[in-house]
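Sequence lines, in order, name chains A and B. With the numbering used here applied, the first sequence corresponds to residues 222 to 454, in that order. With the numbering used here applied, the second sequence corresponds to residues 222 to 454, in that order.
There are 2 protein chains.
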Amino acid sequence: MAEHAQEALFRPVRAGNAFEETVERLMQSIRLGVVAPGERLPSERDLATRLGVSRVTVREAIRSLQENHYVESRRGRYGGTFVNEVLPKSAPAKDFGDLHDVLTLRRVLETGAAETAAGRSLGPAERRGLRARLEEASTSTLAEYRRKDSRLHLAIAEVTGSAALTAAVAESRMRANELLDHIPLLEPNLAHSNAQHERVIASILDGDPGAARQAMAEHLDGTASLLRGFLSV
Amino acid sequence: MAEHAQEALFRPVRAGNAFEETVERLMQSIRLGVVAPGERLPSERDLATRLGVSRVTVREAIRSLQENHYVESRRGRYGGTFVNEVLPKSAPAKDFGDLHDVLTLRRVLETGAAETAAGRSLGPAERRGLRARLEEASTSTLAEYRRKDSRLHLAIAEVTGSAALTAAVAESRMRANELLDHIPLLEPNLAHSNAQHERVIASILDGDPGAARQAMAEHLDGTASLLRGFLSV
DNA sequence: CTCCAAAGGTATGTCTGCGAGCCATTGGCT
DNA sequence: AGCCAATGGCTCGCAGACATACCTTTGGAG
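Next up, the structure:
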């Protein structure tokens, strides 16, 4: 029997129980900036349907987010669950053992997404969306940078037209962000990052897959080496 | 709220119940050739631990595979569950709606894997493994080609050293194979495929990431256009 | 020849998660 | 002022999944 491939195929079928995975997803949507501070999450009934989980489980997950001061709920029509304006610091460090794993997958997915996006003929709405996200990221403060940055990268994945690729990028970014939250974010990094973003988006809008791939690769390799430097000490 | 990214983040948290996902995994390990005909699956207790699922659930899944003539079980020490020499035809066609989705993700993952593999310094065992898989694929019959082909592609993902990437490739190949099983496999395709495999592996062993990526891209684009041709009628 | 380790086969009690229904609250609409 | 639609809050019974324990079969080791 092929020995090593088994590790991948016989890995656990579920990352956790339904409750934990639901918390994870809602957390992702907030941390990645898909639902911004002040905005409302979908209703509990809606979330239950979309996430394929019972409403009871959704409520338990939301309760957990409330207790950790991520969201607040209001009853009544036009009520709902709203993301707090001020979000808690991220959870304490997890294990860094899979640093190589995270960075390898991220590089593959995101350079591939950039290349694919550049190879498609984008509609005006998509082009506007990309420029808007770029603008948001470049004008953001240090505090909200990680969220705006993620939104931009997610937007790139979205315009590939592949839901599975978008989901994979979201997952991968979440894992990477958990690590990035433990290294300092400095103004010079941010400026450098913005410049790279502009090159990536420009290449995509120009329809130059090779350039988009390379620009994205350089962008990612920057933060990757930062990470390796800080965490491998 | 960012409208489109929600589709990815608020997708169902689980693909099915524990039983269904377990069947899926075991099926994958057989269809992708990770456990070849005549070989033995890990013991039920072992599988239960690795898959993070109860032994009862594992047994139900194995029972399902028995009923579909994929495996047979024998009791006693040195017994176990063995993959049948003659495997059933694949399940009836599913929906082809996500053809673009499957092909996009596959291209990103596998070209990325090839490039990453070529960028690493491989040990002698890894190099031998790759050559062995290549040899197996090139000398295989039509009947066993899909399995040997998958093993080769999985082996490439494995030598990236990223378990997450390997798992993603396995998942993606499984989805692609479901589609490929519904188009004819002809001798000329096979010969062409083998030639492309050789170029991919040669580039990886030579440590030329760009060439590996390009060779893999051409290889995948070949079957992709075949698929699009047959299924979009 | 006997023993026994390792594998599949079976049974039971517990707990998680689900479905479905109902209640309580709220703010716009009439 | 009253209505009511949409939202969060709550409860209860059932089905799925789990952990654990024990039984049965088998073939090599001693």
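Even for Gly, the Cβ is constructed at its ideal location relative to N, Cα and C. All values reported here derive from a predicted model rather than from experimental measurement.
Task: Of the listed residues A:Leu308, A:Ala239 and A:Ala376, nearest to A:Arg280 (C-alpha basis) - done: A:Ala239
Task: Whether A:Leu343 touches A:Ile425 by CB criterion (9 Å) - done: yes
Task: With 16 other Cβ atoms within 10 Å as the buried cut-off, status of B:Gly254 - done: Here B:Gly254 is buried: its Cβ has 16 or more other Cβ atoms, across all protein chains shown, within 10 Å.
TODO: List the DSSP bridge partners of B:Arg261.
DONE: B:Phe303
Task: For B:Asp322 and A:Ala445, believed in contact at Cβ under 8 Å, the rounded distance - done: Not confirmed; about 27 Å, so no contact.
Task: Min CB distance A:Phe451 to chain B below 9 Å - done: no
Open item on the list: Check whether chain B comes within 9 Å of A:Pro263, counting only Cβ atoms and requiring the distance to be less than that.
Closed with: yes
TODO: Look at A:Glu379 and B:Ala229 and say whether their C-beta atoms are less than 9 Å apart.
DONE: A contact, by the Cβ cut-off of 9 Å.
Open item on the list: Looking at the strands, I want to know which residues DSSP matches up with B:Val292.
Closed with: B:Val304
Task: B:Thr278, DSSP secondary structure in three states - done: In the structure shown, the three-state DSSP call for B:Thr278 is helix.
TODO: For A:Ala423, go through chain B and note every residue whose CB falls closer than 8 Å to its CB, in chain order.
DONE: Result: empty, since nearest Cβ-Cβ is about 21 Å, beyond 8 Å.
TODO: Report the rounded CA-to-CA distance for A:Gln417 versus B:Arg328, giving the unit in angstroms.
DONE: For A:Gln417 and B:Arg328, the distance between alpha carbons rounds to 24 Å.
Open item on the list: Which residues in chain A have a C-beta closer than 7 Å to the C-beta of B:Pro233? List them in chain order.
Closed with: Leu272 and Gly273
Task: Endpoints, alpha helix (DSSP H) assigned at A:Gly382 - done: In the DSSP assignment, A:Gly382 falls outside any alpha helix (DSSP H) and carries neither an H nor an E.
TODO: Consider the Cβ of B:Gln417: report whether some Cβ of chain A lies at a distance smaller than 9 Å.
DONE: No, its Cβ sits nowhere closer than 9 Å to a Cβ of chain A.
Open item on the list: Just checking: is the beta-carbon of B:Val255 within a distance shorter than 9 Å of some beta-carbon in chain A?
Closed with: yes
Task: Rounded separation between A:Glu331 and A:Met437 - CA only - done: So the two alpha carbons sit approximately 7 Å from each other.
Task: Residue-level contact to chain A via CB, B:Glu306, 9 Å cutoff - done: no
TODO: Give the DSSP-derived three-state secondary structure of A:Val390 in the structure shown.
DONE: helix
Task: Nearest to B:Ile377 (by Cα), restricted to the options B:Ala364, B:Arg367 and B:Ala391 - done: With respect to the C-alpha of B:Ile377, the residue from B:Ala364, B:Arg367 and B:Ala391 having the closest C-alpha is B:Ala391.
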